[in-house]
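First the structure, in the form of structure tokens, and then the observations on it.
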Amino acid sequence: MATMTMIEAIHQTLREEMTRDERVMLLGQDIGQLGGVFRATDGLQAEFGKDRVVDTPLAEAAIAGSALGLAAAGEIPVAELQFLGFTHQAFHQIGAQIARFRFRSKGRFNAQLVLRTPFGGNVRTPELHSDAFEALFTQTPGLKVALPATAHDAAGMLRTSIRDPDPVLFLEPLRGYRLVRDDVPEGDHTVPLGKARVAREGDDVTIVAWSAAVQVAERAAEKLAADGISAGVLDLRTLSPLDVETLASTVAATGRCVVVHEAPMTGGFAAEVIATLNDECFYDLEAPVARVTSPDTPYPLGALEEQYIPDVERLARTVRSVMELEA
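What the sequence shown shows, in the numbering used here, is residues 35 to 361, in sequence order.
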């Protein structure tokens, strides 16, 4: 085991996978000479050369489209899009081309590629840098959506994503890059996609979260423990594919659930989680499933972030209210 920040775990995994398989290559804006805006690829161009670590123009559609072309030619591209908020500029490539490549070719071809991009707030970014609209991509059949919350999972899930024969959108929490630090196994460490993680055991209520919201949920659970409420935390890890079995069994065991995410409420993935729980374990619920989200407004200026994004106090307050309800 080695203790790493999340950005260190990502950097190490990229380097190891490029060493293991010469088909793995990187492309994106400023990832070569600069090493990426967050230095996830620092030094890799000098080590592997400009043919395998490619600086691209500021053109998200061209980056995503080039990744598909490279994958079709037999390479394994890992493309960096600087922020999830910028993927609007490439949605026609991601949704209409990359995700459909296997389907459109009737299984003759696959798109083995990864699109890495950070998202999330409380880091005082400019407009379009912190937006959380991961749910948009869960309605893109053929695309896997992975969201690690720990350095351990960032390394293991990224390695699995690079080796996956189909495209993966790999979403990294901005505020977790250097604030999250934990143990990462050495060697060929992988974490399966589509398998949730019980981050904390609990008997009274389950808090469902992903990405940076997992740390908020864990801190809320600590706070609730002082009030005698045993709150478990389930880290979904991937939204597509969704681990329905673990989600349903964990919530059925407690009978109560609160879902938390940074995206606006309407159309957010919490709605899909709640619908799934209604289908799978409705009669086990002791109270309606609640959700804690950001409001249905554009992401605000940095000075208002703390009032916009769900925090420990708001989540804990919602959990307490759920504990007082009956189905």
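Glycine is no exception: its CB is placed at the ideal position from the N, C-alpha and C atoms.
Inset, instruction - Return the Cβ separation of Ala-230 and Glu-252 in integer angstroms, given the expectation that the two are a contact with Cβ distance under 8 Å. - result: At roughly 15 Å, the Cβ-Cβ gap does not stay under 8 Å, so Ala-230 and Glu-252 are not in contact.
Inset, instruction - Kindly give me the distance between the Cβ atoms of Val-292 and Leu-349, rounded to whole angstroms, as I take these residues to be in contact under 8 Å. - result: 7 Å
Inset, instruction - For Val-250, name the three-state secondary structure that DSSP assigns. - result: helix
Legend entry - Cβ distance (whole Å) where Glu-114 is taken to contact Ile-41 below 8 Å: That belief does not hold up - the Cβ atoms of Glu-114 and Ile-41 are roughly 12 Å apart, past 8 Å.
Legend entry - the ligand GTP heavy atom lying under 6 Å from the CB of Ala-124: This structure simply doesn't include the ligand GTP, nor any ligand for that matter.
Legend entry - Same chain, Cβ closer than 7 Å to Val-58, neighbours up to 5 away in sequence not counted: Only Glu-51, Met-52, Ile-110, Val-112, Ile-196 meet the Cβ criterion.
Legend entry - Rounded straight-line distance, which links the Cα of Asp-216 to that of His-186: 7 Å
Inset, instruction - Quick one: measure Cβ to Cβ for Gln-63 and Gln-79, integer angstroms, because I've assumed they're closer than 8 Å. - result: Between Gln-79 and Gln-63 the Cβ distance is about 13 Å, and since that is not below 8 Å, they are no contact.
Legend entry - Residues near Ala-133 by beta carbon distance below 7 Å, same chain, minus five either side: Thr-174, Pro-175, Gly-176, Leu-177, Pro-201
Inset, instruction - Look at the alpha carbon of Leu-102 and the alpha carbon of Gly-129, and state the distance between them as a whole number of angstroms. - result: Each residue's alpha carbon lies about 12 Å from the other.
Legend entry - Pair within 7 Å by beta-carbon distance, Glu-94 and Phe-120: Remark: C-beta atoms of Glu-94 and Phe-120 approach each other more closely than 7 Å.
Inset, instruction - Can you tell me which of the three DSSP states Ser-245 falls into? - result: coil
Inset, instruction - Indicate whether Gly-69 and Thr-75 have their beta-carbon atoms separated by less than 7 Å. - result: yes
Legend entry - Inter-residue spacing [alpha-carbon to alpha-carbon] between Leu-92 and Gly-155: 23 Å
Inset, instruction - Could you check if Met-38 is buried or exposed, using at least 16 other CB atoms within 10 Å of its CB as the buried criterion? - result: buried
Inset, instruction - Please determine if the stretch 321 to 329 and the stretch 258 to 271 are in contact, where contact requires at least 3 C-beta pairs separated by less than 8 Å. - result: no
Legend entry - Cα-Cα separation between Asp-330 and Gln-146, rounded to whole angstroms: Between Asp-330 and Gln-146, the C-alpha separation is close to 35 Å.
Inset, instruction - Please confirm whether Gly-190 and Thr-151 have their CB atoms less than 7 Å apart. - result: no
Legend entry - Of the listed residues Ala-246, Leu-276, Ala-287, Pro-275, nearest to Gly-266 (C-alpha basis): Here the closest residue by C-alpha is Ala-287.
Inset, instruction - Alpha carbon to alpha carbon, how far is Phe-125 from Ala-105? Give it in angstroms, no decimals. - result: Between Ala-105 and Phe-125, the C-alpha separation is close to 18 Å.
Inset, instruction - Measure the C-alpha to C-alpha separation of Leu-149 and Glu-358 and round it to an integer number of angstroms. - result: 43 Å
Inset, instruction - Run the CB neighbour count on Leu-258, radius 10 Å, all protein chains shown included, and call it buried at 16 or more, exposed below. - result: buried
Legend entry - Local conformation of Lys-178 per DSSP, three classes: strand
Inset, instruction - Look at the alpha carbon of Asp-85 and the alpha carbon of Glu-56, and state the distance between them as a whole number of angstroms. - result: Per the coordinates, the alpha-carbon of Asp-85 lies some 11 Å from the alpha-carbon of Glu-56.
Legend entry - Same chain, Cβ closer than 6 Å to Thr-280, five either side skipped, listed in chain order: Ala-230
Legend entry - Strand pairing of Val-12, partner residues [DSSP]: In the structure as shown, the chain begins at 35 and stops at 361. Residue 12 is therefore absent and cannot be evaluated.
Legend entry - Own chain residues within Cβ distance below 8 Å of Asp-345, not counting five before or after: Val-250
Legend entry - Residues that DSSP places opposite Cys-315 in a beta bridge: BP columns for Cys-315 are empty, so no partner.
Legend entry - First and last residue of the uninterrupted beta strand (DSSP E) at Ser-274: That run of the beta strand (DSSP E) goes 272 to 274.
Inset, instruction - Can you say whether Glu-206 is buried or exposed, counting buried as having 16 or more other CB atoms within 10 angstroms of its CB? - result: buried
Inset, instruction - For the beta strand (DSSP E) containing Ser-328, list its first residue and its last residue. - result: 324 to 328
Legend entry - Neighbourhood of Ser-245 by C-beta, 7 Å cutoff - its chain only, sequence neighbours within 5 removed: Gly-154, Leu-181, Ala-183, Leu-205, Pro-207
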